[in-house]
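**Q**
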Amino acid sequence: MADLETFRNETRSWLEANCPEEMRQPVHDEDDVYWGGRNASFKSEAQKQWFEACVEKGYTVPAWPKEYGGGGLTAAEAKVLREEMGRINARPPLSSFGIWMLGPALLKFGTEEQKKHYLTEIARGEIRWCQGYSEPGSGSDLVSMQTFGEDAGDHWVVNGQKVWTSYADKADWIFCLVRTDKENKYQGISFLLFDMESEGVSTKPIKLISGNSPFCETFMDDVKVPKEQIVGEVNRGWDVAKYLLGHEREMISATGGGDRATSLGSAMSRQGELDAVLRAEMAMFDVDALAFTAMSEKFMDELKAGKGHPAQPNTLKYAGTELNKKRHELIMAAGGSRSLEWDSEESDGGKPARSWLRTKANSIEGGTSEIMLNVVAKRILELPGA
Amino acid sequence: MALYHDDDQAMLADSASQFMAEEGAIAKQLRHWRDCECKDGFGHELWKQFGEMGFAGMMVSEDDGGLGMGNVEAGIVLEEIGRNLTPSPFLTSSVMAGTALGHASADLKERWIPGLVSGEHVYAVALDEGPKHRPETIATKAERSGNGFRLSGSKDFVIHGASADMIIVAARTSGGNSDNDGITLFAVPKDSSGLSQDAVRLVDSSVATHLKLDGVELDGDAVIGEVDGGREVLNRMLHAGRVGAAAESVGVARGAMDLTVDYLKQRKQFGRLIGEFQALQHRAAHLYSEVEIARAAVLKAQQLLDAGSEQAELMVSVAKAKAGRTAGLAVREGVQMHGGIGMTDEYDIGLYMKRDRALSEFMGDAYYHAGRVAQLSGY
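Sequences listed follow chains G and D, in order. Residues in the first sequence are numbered consecutively from -2, following our numbering. Residues in the second sequence are numbered consecutively from 4, following our numbering.
1) Against chain G, which members of the stretch 4 to 30 of chain D pass a CB distance test of less than 8 Å?
2) Report, in whole angstroms, the separation of the C-beta atoms of Ala190(D) and Val203(D), which I expect to be a contact under 8 Å.
3) Give a yes or no on contact between the stretch 208 to 224 of chain D and the stretch 136 to 151 of chain D, applying the rule of three or more CB pairs nearer than 8 Å.
4) Are any of the Cβ atoms in chain D nearer than 7 Å to that of Gly255(G)?
5) Starting from the beta carbon of Arg276(G), find every residue of chain D whose beta carbon is closer than 8 Å, and list them in chain order.
6) Keeping to the same chain, check which residues put their C-beta closer than 8 Å to that of Gln384(G); ignore five residues upstream and five downstream.
7) Beta-carbon separation of Asn180(D) and Ala129(D) under 7 Å?
8) Work out the CA separation of His325(G) and Val98(D) for me, nearest whole Å.
9) Take Arg125(G) and list the residues in its own chain whose beta-carbon comes closer than 6 Å to its own, dropping the five residues that flank it on each side.
10) Using a C-beta cutoff of 7 Å, does Phe289(G) count as contacting chain D?
11) Take the Cβ of Gly254(G) as the centre, count every other Cβ of all protein chains shown within 10 Å, and call the residue buried at 16 or more, exposed below.
12) Where Ala333(D) and Ala326(D) are concerned, what is the direct C-alpha to C-alpha distance, given to the nearest angstrom?
13) Is any beta-carbon of chain G found at less than 7 Å from that of Val321(D)?
14) For the alpha helix (DSSP H) containing Ile368(G), list its first residue and its last residue.
15) In this structure, how does DSSP classify Ser163(G) when only helix, strand and coil are distinguished?
16) Taking contact to mean at least 3 C-beta pairs separated by less than 8 Å, is the stretch 235 to 245 of chain D in contact with the stretch 307 to 322 of chain D?
17) Name the residues in the stretch 302 to 319 of chain D whose C-beta lies less than 9 Å from a C-beta of chain G; which are they?
18) From this set, Ala310(D), Arg298(D), Ser292(D), which residue's C-alpha is nearest Ala374(G)'s C-alpha?
19) For chain G, is any of its Cβ atoms less than 7 Å away from the one on Tyr266(D)?
20) Taking the C-alpha atoms as reference points, what is the distance between Ala350(G) and Lys204(G)?
21) Shortest alpha-carbon distance to Leu2(D) belongs to which of Arg147(D), Gly228(D), Ile29(D), Ser18(D)?
22) For Gly262(G), go through chain D and note every residue whose CB falls closer than 9 Å to its CB, in chain order.
23) Specify, as a first and last residue, the run of the alpha helix (DSSP H) that Trp115(D) falls within.
24) Looking at C-alpha atoms only, which residue of Ser209(D), Lys303(D), Gln12(D) is the closest neighbour of Gly46(D)?
25) Cβ of Val404(G) within 7 Å of Cβ of Val237(G)?
26) Got a sec, what are the start and stop residues for the beta strand (DSSP E) Asp169(G) sits in?
27) Taking the continuous beta strand (DSSP E) assigned at Phe145(G), which residues delimit it?
28) For Thr71(G), count neighbouring Cβ atoms within 10 angstroms of its own Cβ and tell me buried if that reaches 16, exposed if not.
29) Gly208(G) by DSSP, collapsed to three states: which one?
30) Does Gly258(D) come out as helix, strand or coil in the three-state DSSP assignment?
31) Candidates Glu64(G), Phe94(G), Ala60(G), Gly66(G): which alpha carbon is nearest Arg79(G)'s?
32) Counting only Cβ pairs nearer than 8 Å, list the residues of chain D close to Gly382(G).
33) Drop a sphere of 10 angstroms on the beta-carbon of Ala73(G), count the other beta-carbons inside from all chains shown, and report buried for 16 or more, exposed for fewer.
34) Below 7 Å between beta carbons: does that hold for Leu94(D) and Gly274(D)?
35) Output the boundary residues of the beta strand (DSSP E) element that contains Pro90(G).
36) Give the secondary structure of Met39(G) by DSSP, where H, G and I count as helix, E and B as strand, and everything else as coil.
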């Protein structure tokens, strides 16, 4: 414990010296978030300085081993760092699907060579990744996907289409599920990595009901993928994908419910008087939101201690996303006609309405609420035939 | 502090779970006492066993002869009580009166604590005036009289009042009915002259009383805490009672859910187990999710309360509201998914519905506590 206190003091001074004031302000625009990659540019000198200081310490990925560019912190130390960063509202130095999704999968399934190469690139923010999972014909039933990699000796030739690839138009590389055996449904999928600049890869952005989005369609037309660019064994990519989906659900549910530390009813009532029944609904929402915050905290504490049911992220994802949708319904109701504005300056380009619409995807992306309930019914409640 | 039970607490949960499943089982306790129309609604033998197990005095400090445990530990016992619908005076005596007596004079402690620790005494609390829980307003009066006080007024929903050796009464010694100050708590012995109780059996087979204080004369040493300054101890007692009732509600929710999920795995219709139907699977999974959230909220509130945190009050109301709504969902889904037999007295699921109704009303329902959450959040 004394060591942890020493670490906390050191961390505090390090943050004081290295986290510029500007990086302690809330994120406003898309480009306030640094995603890294070949074509990345910094919005400001402060953003660059903060990012580089973190790379130096391995604090873009504090809990990853040092030999892969991480900070080599223990779980307890990483928690202290998170707490100290939270205390001064420090922004994350780097946001990336490499950190949240591919990294954990590589740590578990990658070869030593892959870890050294790819994890280091991710930690240093050199390569920006996107995820190729869903297809037009394969949403909830992901395993039915058709994108096919034909064996051509030392490489595969990949043909097909992915959809909902976030930031595919900005990413350098993709981790992609590709069918490599048409006879075996589950054991016929491989987890491949390839450069988005490979010949035959093209992307097209998708516009949502909420407006522009990071989502794209990604097309693969005779794309050559070298055989060494596979994670895990050939035809065993579904294991990697499932593992990774677990992480995605944790990530989505961790943000579920929005800013839960503050009371929604209190924030909304400052904008104007709430009708009695709306106030009552806000109060019930605040009850649900604060209770859910406790559930998230309990889940994270149990995860760290290796307790809790392995299927619990599904519960959290379900509850968190449903709560967030409810939250935005109430925000719209409290805002009245003001929250209907679509592109006015006053509404910050229709932020309330666009956010409200965007939350409708929360319970679809990363596994629909209905799929989450199926998993809970089958794996936790052990109901028959589910 | 991590938001799960530590090793000692997990051990306590194991022993409480085993004890309640064996000794506190529905057939052995709730149905037995209900069917013989017991005037107490619970068994004194079981209550003595609570004493032997160390449960009865668990929240009493070690200096005073108890185990010095907190709301987390009491909640562990209460969750098992809820799962088994075990009738006992644990919540009113050990949790609420126990919390209040911790702030009493040495004389009062000496008089009332040993009987609590051994499970020989039963205590009740008389707070509500009228059919809804609104302890902000207290009209029952205590006027100075000689060396002591003279109490007049009436109280409702006094659970175990008829069986109690002593009843803690919140009365007004000064100020207007809704003033925060001017409240004093009294330890009123059962045989006090001028005290009368009208016992009523409730929907869950528990027994409450309408209590009348008709010039009840008490010595000054019957006061718990400060004269006129009783609100603070009252609040501590309320917080402990509310989070305790919330923990019992979580137990009721779990008990009803477990019974229902088991039934889904046994009952066949259309040649299939009804648990195969997705319409029921999703409702069961949603219920599970709510129960998990309620459990976490209750544990968080217990920990904050035990740590003396400023946020405890808000979280206690969150816990009581969430647990109440969740248990309500659990019992309604339970009866519906059991179908026709869910309506029969023979099956236990209906007993859960009855208990939930009484428990969610006790110490403020979800509407009251959601209102408090709004108020404490400044709207």
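A virtual CB, placed ideally from N, CA and C, is assigned to each residue, including glycine.
**A** In short, the structure shows the following:
1) Ala5, Leu6, Tyr7
2) The Cβ separation is near 24 Å, so there is no contact.
3) yes
4) Confidence at Gly255(G) is low in this model, with a pLDDT of 46, below 50, so its placement is unreliable and no value can be given for it.
5) Ala377, Tyr382
6) Residue 384(G) is absent from the structure shown; chain G starts at -2 and stops at 383.
7) no
8) 40 Å
9) Trp32, Gly33, Gly34, Ala168, Asp169
10) yes
11) A caution first: Gly254(G) carries a pLDDT of 43, below 50, which makes its placement in the model too unreliable to give a value.
12) 10 Å
13) yes
14) 366 to 372
15) strand
16) yes
17) Leu302, Lys303, Ala304, Leu317, Met318
18) Ser292(D)
19) no
20) 15 Å
21) No answer is possible for residue 2(D): the residues shown for chain D start at 4 and end at 382.
22) Val376, Ala377, Ser380, Gly381, Tyr382
23) 109 to 121
24) Ser209(D)
25) Residue 404(G) lies beyond the residue range present for chain G, which begins at -2 and ends at 383; the question has no answer from this structure.
26) No beta strand (DSSP E) contains Asp169(G), which DSSP labels as neither H nor E.
27) 145 to 148
28) exposed
29) strand
30) helix
31) Ala60(G)
32) Arg275, Leu276, Gly278, Glu279
33) exposed
34) no
35) Element bounds for Pro90(G): n/a, residue is neither H nor E.
36) In the sequence as presented, Met is not what sits at residue 39(G); that position holds Phe. Correct three-state label for Phe39(G): coil.
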